[in-house]
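Novice:
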Amino acid sequence: MKGTKFKIDEFESDLIKATGLEITVGRIVEEEWEEILGPTPMPSVTDLRKWDFALLNRYKPMYAPLCDLCCLCTYGKCDLSDGKKGACGIDIGAQQGRIVLLACCIGAAAHGGHARHIVEHLIEEHGDMPIDMGKNVEVEAPLVRLIAGIMPKKLSDLLEPLEYAEGELMHSLSATHTGQEGYFTDFESKALHVSMTDQLLMEIADVAQISALGFPKGDPGAPLVDIGFGSIDTKKPVILCIGHNVVPGAEVINYLRDHDLYDKVEVAGICCTAHDLTRYDKGAKIVGPLSKQLQFVRTGIADVIIVDEQCVRADVLQEARKTGAAVIATNDKICLGLPDRTKDSPKDVIDNLLGGAPGALILDAEKVGEVAVRTAIKLSETRKRRALNVVKEAKKCIQCGLCIRECHNNLDIPRGMEKAAKGDLSLLSEIYELCIGCGRCENVCSKEIPIVSLLGGAAKEITRKERYKVRSGRGPIQDTEIRNVGSPIVLGEIPGVVAFVGCPNYAGSSKEIAEMAEIFLSRRYIVTTSGCAAMDIAMYKDEEGKTLYEKYPGNFDAGCLSNVGSCVSNAHIAGAAIKIASIFAHRNLRGNYEEIADYILNRVGAVGVAWGAMSQKAASIATGFNRLGVPVILGPRGAKYRRTYLGRPDKSEDWMVYNARTGEKVQISPSPEYLLYVAESKEEAIVSIAKNCIRPNDTTKGRQIKLTHYIDLHKRYFGKMPEDIAMYIRTEADIPITLKAEIMKILKAEKWEPRITPDPTLLERLCRKKEVK
Amino acid sequence: MTIPWFSANIPGPKQARVVTPEIAAKILSKVGRKMMLCGSGIKGQKIGKEPIQKYILDLSKEMSVVVAPSVLKDFLEMGAEPVAKGVVEVTNLLRDAEWRGFDGKGNYDMVAYLGFPYYLESQMLSVLKHFSDIKTMSLGRFYQPNADYSFDNLKEKEWEKNFENLISLLRRK
Ligand code: SF4
Ligand code: SF4
Ligand code: SF4
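Taken in sequence, the protein lines are chains Y and B. Residue numbering for the first sequence follows the working numbering, starting at 252 and increasing by one per position. Residue numbering for the second sequence follows the working numbering, starting at 13 and increasing by one per position.
1) Can you list, in chain order, the residues of its chain whose CB lies under 8 angstroms from that of I700(Y), leaving out five sequence neighbours each side?
2) Could you tell me the boundaries of the alpha helix (DSSP H) in which S704(Y) lies?
3) Which residues in the same chain have their Cβ closer than 6 angstroms to the Cβ of R153(B), if we skip the five residues on either side of it in sequence?
4) Taking Cβ positions only, does A80(B) come closer than 7 angstroms to chain Y?
5) In whole angstroms, what is the alpha-carbon distance linking G430(Y) and E419(Y)?
6) If you measure between the beta carbons of L541(Y) and C522(Y), is that distance less than 7 angstroms?
7) In this structure, how does DSSP classify S833(Y) when only helix, strand and coil are distinguished?
8) In chain order, what residues have a CB nearer than 7 angstroms to some heavy atom of ligand 1?
9) Give the straight-line distance between the Cα atoms of V860(Y) and S761(Y), rounded to the nearest whole angstrom.
10) Under 7 angstroms Cβ to Cβ from N948(Y), same chain only, skipping five residues before and after it: list those, please.
11) Sorry if obvious, but does the Cβ on L852(Y) come closer than 6 angstroms to a heavy atom of ligand 2?
12) Does the beta-carbon of C686(Y), which I'm using as the reference point, lie nearer than 6 angstroms to any heavy atom of ligand 5?
13) Should G707(Y) be counted as a contact of ligand 3 given a C-beta to heavy atom distance under 6 angstroms?
14) Can you tell me which of S407(Y), N735(Y), L630(Y) puts its alpha carbon nearest to the alpha carbon of G607(Y)?
15) If you pair each beta-carbon of the stretch 404–417 of chain Y with each one of the stretch 374–388 of chain Y, do three or more pairs fall below 8 angstroms?
16) Are there 16 or more other CB atoms within 10 angstroms of the CB of G116(B), so buried, or fewer, so exposed?
17) Let me confirm a value: S162(B) is counted as buried when at least 16 other C-beta atoms fall within 10 Å, else exposed. Which label applies?
18) Is any heavy atom in ligand 2 found nearer than 6 angstroms to the beta carbon of L639(Y)?
19) Counting only Cβ pairs nearer than 9 angstroms, list the residues of chain B close to V929(Y).
20) Find the residues of chain Y that neighbour G24(B), judging by a C-beta separation of less than 7 angstroms, and give them in chain order.
21) Whole angstroms are fine: how far does the CA of H142(B) sit from the CA of R278(Y)?
22) Quick one: is the Cβ of C648(Y) within less than 6 angstroms of any heavy atom of ligand 3?
23) Ligand 3 and L678(Y): does any heavy atom of the ligand fall closer than 6 angstroms to the residue's C-beta?
24) Would the C-beta of G690(Y) count as close to ligand 2, meaning under 6 angstroms from any of its heavy atoms?
25) Along the chain, where does the alpha helix (DSSP H) that runs through K933(Y) open and close?
26) Would you mind working out which of N640(Y), R734(Y), I585(Y), V548(Y) sits nearest Q1026(Y), comparing C-alpha positions?
27) Tell me, please, whether the CB atom of G970(Y) is closer than 7 angstroms to any CB atom in chain B?
28) Please state the DSSP three-state secondary structure of A124(B).
29) For S114(B), which of helix, strand or coil comes out of DSSP?
30) Identify whether Y968(Y) lies in helix, strand or coil by the three-state DSSP scheme.
31) For the stretch 153–170 of chain B, list every residue whose C-beta sits within 8 angstroms of some C-beta in chain Y, in sequence order.
32) Short of 8 angstroms in beta carbon distance, which residues of its chain neighbour R572(Y), apart from the five on each side in sequence? Order them along the chain.
33) Please list, in chain order, the chain Y residues whose beta carbon lies closer than 7 angstroms to that of F18(B).
34) What three-state label does DSSP hand V276(Y) in the structure shown?
35) Residues in the stretch 872–895 of chain Y with C-beta within 8 angstroms of chain B's C-beta atoms, listed in sequence order?
36) For E621(Y), which residues in the same chain have their Cβ closer than 7 angstroms to its Cβ, ignoring the five residues on either side in sequence?
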């Protein structure tokens, strides 16, 4: 019963008369927070269904099944092609919604498991600490405030929204069971719902770790830290941490500090654990994003590999075996079949590992710290790093071509091998640049050539020099920054906020993401980033040898590049959009999701870009942003998520909103055009980003600025004026001055007529005056 | 049964029929309203010594041609101005039976895809396979099971020959 809450709008008996009474079983809701409680604190699965349907009505899901079959129950397999239904009655559309919901549930569960572990662990280790996001951050947890209607003060206050989200996750997941939900829009509504709670869970995890572990607190000047293979000092023992939960890695650093070993051992990370290690200690190194995992493990540089949770290769133990590195599993999500040594003495475990045991499961972070350090020091003295003879290995190739068929990027490995066999490693080295390190090519190789290692070997000279700077994750955006940029964003004078997030499953070069970021930085958009994308942005230098982090300040401001941190820090990007509504526009946050999402959709020109999105977490992150009114653009691989949310600019009836001033329904420009789009190429994405920053609420000056960028980028990449330009001109004052003559000609040819700029909303209840019929 | 180029990309029992250029030309010439979608992969692609764009422009006399915006410039430089739109956007329009087409004359009976990343094309073909009555054809180098008709997995030279052959057969009709 704890945490069960009910509201009574009006109650009258012989003894009591009450209005607006709110009771939570287990605790009375403290009324320290004066903000009025909105209509949906801790919304249930169906509470925001109407909002979802308003979105889905405009942005209809387009399904691209990856498989025509369903094999989820023993009625199956069922073939759902040609309009056939499964034995349970489900059709292919609903089945896609179901799989999307499943993916979002998995994503949310990953963040939820992380959040649950870290909050409980931090309370246990550090006590019930106050939540502290830094001096300029009063709205400490915008998503917790918005969704749960709670203002958390201390770590234990995060437990209630955590429990709420876990409950919603269970309800949402249960809807995917055979014989439950049957219609695609309701699967989508649940996907949007569980992905909203995913944002909440990410925020809970990051707020807790920022408060308790001393991470940068909204600091735009967070330190520049080292990233890249070349930044690792291979002369020292090396401990590599892979995953997303910083706790064991932090204990490694604690042990080193406490035992005067800090400078003697290298601590490096891959994926988000790496970000968080540098937030904990700026001396930690980042090897790189997920795509570097197999490559780096294969180099044998790491003496000990610590895995925590999420994005860890399932074959890490076998791979480590090849190099003689010891693996320590530290989390209940990833035990790898290893013996549980949690209760054993560190000495016994270390002896066992030094004696050749492949690894150990240790579910005690402090013990992990000690075992990892002492094992790494010893192992580094005895372990030999084997060099690979690339030419000799390449000579084994029989040109069967099986590898290229397995390769996501169709990389011409056979030709690379042919050249390498003759001593020319240039093509293999080029392939390395485009390789996402999946290892699929090796699995099919007729001659069992370790292709991934060969690519790494061929590119050795390049990787040795891979040493860059990335700004350590700053965490939240300060309230003061929001005050400065709120108005220019909402009025459109800052042309947009572009968030580069997600995984490194790129279709082309990983450099593309930095190139895109720089285009928008140089045009004075606000650029923000997180996760693996933030790392790839760092792994690119300009002619002067500077990375974008060295070139552009870390503020949340026009022409600045802010790295918020790891995957869970994505919550701060959502939080910034929410804070614009609350701090700048003074909209109530508390339990007021629909109104805030409506505000963001219509006013905050923000676009998310997940150029290499791979995981189920990326699915739930994107879908969570979508419910909040933020469009997301995916790279071409994103088509495999099976679902996009696409508007139809050619259907004017889809682009009607209420004018809150009058209650009238009025026509708007088709903006944002999509909620979830897949772009085939970098060029298409760039132009699409600029276009999708347009919002119905832009002032004429703001619209001019946004259109100037859209037109300029369209001309630059596609060679001509966009054909849909007339749709985005409301009055002549929207036309960029330098293009007036050219655009007027188009408007005339299209018999364009001016339209009003409304106070736009999709919510009739927000209209101040009802339409007079 | 032909194995998809990415061998794991087996969607189910319903898979494309492998076609030769002759059969493809026959099918295409019988269809009423047809469209060819060209992706970013045509950039720099040559058929013999000629840029593929020249062949595509030839084909545009037989059917509507829509190109990925990222390759539009190449066509503009040749003095042509085909419709340019992202493949996801076009496929979304195509799945709507009520859509009036780029020329206002109604939706299409058949769509051919060329020059897209394999998996992206596969997914777009899947949209039309499941959510439209439009017939689809894949004209790329690799077998696409989600199409109705597809070229086989071909070597670069074989494919060039196939494509050239198809165009000349269509032009002869
Ligand atoms: S869940 Fe439905 S569609 Fe899937 S296998 Fe079972 S009966 Fe068939
Ligand atoms: S490891 Fe690299 S080369 Fe091999 S299949 Fe994956 S992406 Fe292609
Ligand atoms: S699969 Fe192995 S043997 Fe075959 S071409 Fe590729 S590298 Fe050579």
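Cβ coordinates follow ideal geometry from the N, Cα and C atoms, glycine included. Just so you know, these numbers come straight off a predicted model, no measurement behind them.
Specialist: A quick look at the data gives this:
1) In the same chain as I700(Y), and ignoring 5 residues on each side of it, the C-beta atoms closer than 8 angstroms to its own belong to E644, A645, K647, C648, M668, E693, in chain order.
2) 702–709 is the extent of the alpha helix (DSSP H) around S704(Y).
3) Cβ within range, chain order: L166, W171.
4) So, interface residue.
5) Looking at the two C-alpha atoms, the distance is approximately 19 angstroms.
6) Cβ distance < 7 angstroms, so L541(Y) and C522(Y) count as in contact.
7) In the three-state reduction of the DSSP assignment, S833(Y) falls in the helix class.
8) Listed along the chain, these residues meet the criterion: C321(Y), C322(Y), L323(Y), C324(Y), Y326(Y), G327(Y), K328(Y), C329(Y), L331(Y), G337(Y), A338(Y), C339(Y), I341(Y), Q346(Y), T429(Y).
9) Linking V860(Y) to S761(Y) through their CA atoms gives a straight-line distance of about 14 angstroms.
10) V741, N853, R854, P1011.
11) False, no ligand heavy atom lies under 6 angstroms from that Cβ.
12) Here the bound small molecules are ligand 1, ligand 2 and ligand 3; ligand 5 is not part of this structure.
13) Not a single heavy atom of ligand 3 lies less than 6 angstroms from the C-beta of G707(Y).
14) It is L630(Y) whose Cα lies nearest to the Cα of G607(Y).
15) In this structure the stretch 404–417 of chain Y lies against the stretch 374–388 of chain Y, because at least three pairs of beta carbons, one per stretch, are closer than 8 angstroms.
16) Burial check for G116(B): the Cβ neighbour count within 10 Å stays below 16, so the residue is exposed.
17) Buried.
18) Shortest gap from the CB of L639(Y) to any heavy atom of ligand 2: 6 angstroms or more.
19) Going along chain B in sequence order, the residues near V929(Y) (Cβ under 9 angstroms) are G98, V99, V100, L132, Q135.
20) Residues of chain Y passing the Cβ test: C318, D319, L320, D330, S332.
21) Low confidence applies to R278(Y): its pLDDT is 45, below 50, so where it sits in the model is not reliable enough to give any reading.
22) It does: the Cβ of C648(Y) is within 6 angstroms (strictly closer) of some heavy atom of ligand 3.
23) Not under cutoff, so the answer is no.
24) G690(Y): yes, Cβ under 6 angstroms from ligand 2.
25) Here the alpha helix (DSSP H) through K933(Y) covers 933–943.
26) No answer is possible for residue 1026(Y): the residues shown for chain Y start at 252 and end at 1024.
27) Cβ-Cβ to chain B under 7 angstroms: yes for G970(Y).
28) A124(B): strand per DSSP, three-state reduction.
29) It is Phe, not Ser, that sits at residue 114(B) in the sequence shown. Note: F114(B) maps to coil in three-state DSSP.
30) It is helical.
31) So the list is empty, because no residue satisfies the distance condition.
32) The beta carbon of R572(Y) is closer than 8 angstroms to those of P609 in its chain, skipping five residues each way along the sequence.
33) Proximity of chain Y to F18(B) at the Cβ level (cut-off 7 angstroms) is accounted for by R656, in chain order.
34) The pLDDT assigned to V276(Y) is 45, lower than 50, so where the model puts this residue is not dependable; a value taken from the coordinates is nonetheless given after this. In the structure shown, V276(Y) sits in coil (DSSP, three-state: anything other than H, G, I, E or B).
35) If the cut-off is 8 angstroms between Cβ atoms, the stretch 872–895 of chain Y has P887, R888, A890, K891, R893, T895 near chain B.
36) Excluding positions up to five away in sequence, the list reads Y506, P597.
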